[in-house]
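Numbering (this note's numbering), first residue to last: 849 to 1100.
Read the structure below first, then the notes.
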């Protein structure tokens, strides 16, 4: 607890949800999900510092990484505050009962307004890029996603994506493979656009059964108020969030 009469410090990142078991925050684009050999800032380390500061905790603080977001991707990210919660949430991820909804702004849209993409992705770690294959190839992993085209504005399309697998660069590579690279994503073939910034991919919601109460929990983060997101309306974002998620599919 903070000292008497002293307000608790503000969190280092926007908090979307927090209880004794879970912490959900907005990950900034460009930050690592967890530490690597570069020593650059990462979410797990930052959140440990945040919890120590806000709750005046001595010693080590537990923060469990449940799922990852690629470095250029921002938005909703869920962490465990206890090892039990981490174990149960990790099982939800493995059993594909962890719902992940992304919004992407792409150059163009797939021919079908909604559908499922299934490819096999092979990562070239040296170049930090994945190649997309229609059939299994050595060292490639199956990648599956469902998509819905929400709106079109000029050459851009707002696309809602639900991941059924969690592969590195999955959405970026699979949409590019069907002719719809994400805005600003030059690595996967996007044309140059004036004022380039973070790639137009955002983790807009995560949903999972709470590890203790078992009640379904949906955590939402709105896309940033910046190009190219501002081309679309609040109603478009609401329509994406209204799409049936994993909870809806399991209850039918």
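Glycine residues also receive a C-beta, built at the ideal position from the N, C-alpha and C atoms.
A quick note: this is a predicted structure, and the numbers were derived from the prediction, not measured.
- Residue pairing from DSSP places residue 992 in a beta bridge opposite 966.
- Residue 1078 sits in a helix when the DSSP states are folded into three classes.
- Ranked by Cα distance from residue 1092, the first of 1050, 1059, 983, 947 is 947.
- Distance from the Cα of residue 906 is smallest, within the candidate group 914, 896, 956, 1043, for 896.
- The closest CA to that of residue 955, considering only 904, 988, 931, 1034, is found on 1034.
- Following the DSSP letters along the chain, one finds residue 899 inside the alpha helix (DSSP H) bounded by residues 891-903.
- Counting only runs of 3+ residues, the beta strand (DSSP E) found wholly inside the segment 1004-1079 occupies 1004-1011, 1049-1057, 1064-1068, in chain order.
- When DSSP assignments are scanned along the segment 895-955, the uninterrupted stretches of beta strand (DSSP E) that are 3 or more residues long and fall wholly within it turn out to be 922-928, 947-955.
- Distance from the Cα of residue 1021 is smallest, within the candidate group 952, 986, 1000, for 952.
- Per DSSP, reduced to three states, the secondary structure at residue 866 is strand.
- Counting only the Cα atoms, residue 1037 lies some 13 Å from residue 980.
- According to the DSSP secondary-structure assignment, residue 1000 is paired through a beta bridge with 1005.
- Per DSSP, the continuous beta strand (DSSP E) segment holding residue 979 begins and ends at 977-981.
- Comparing alpha-carbon positions, the option among 859, 936, 1049 lying closest to residue 899 turns out to be 859.
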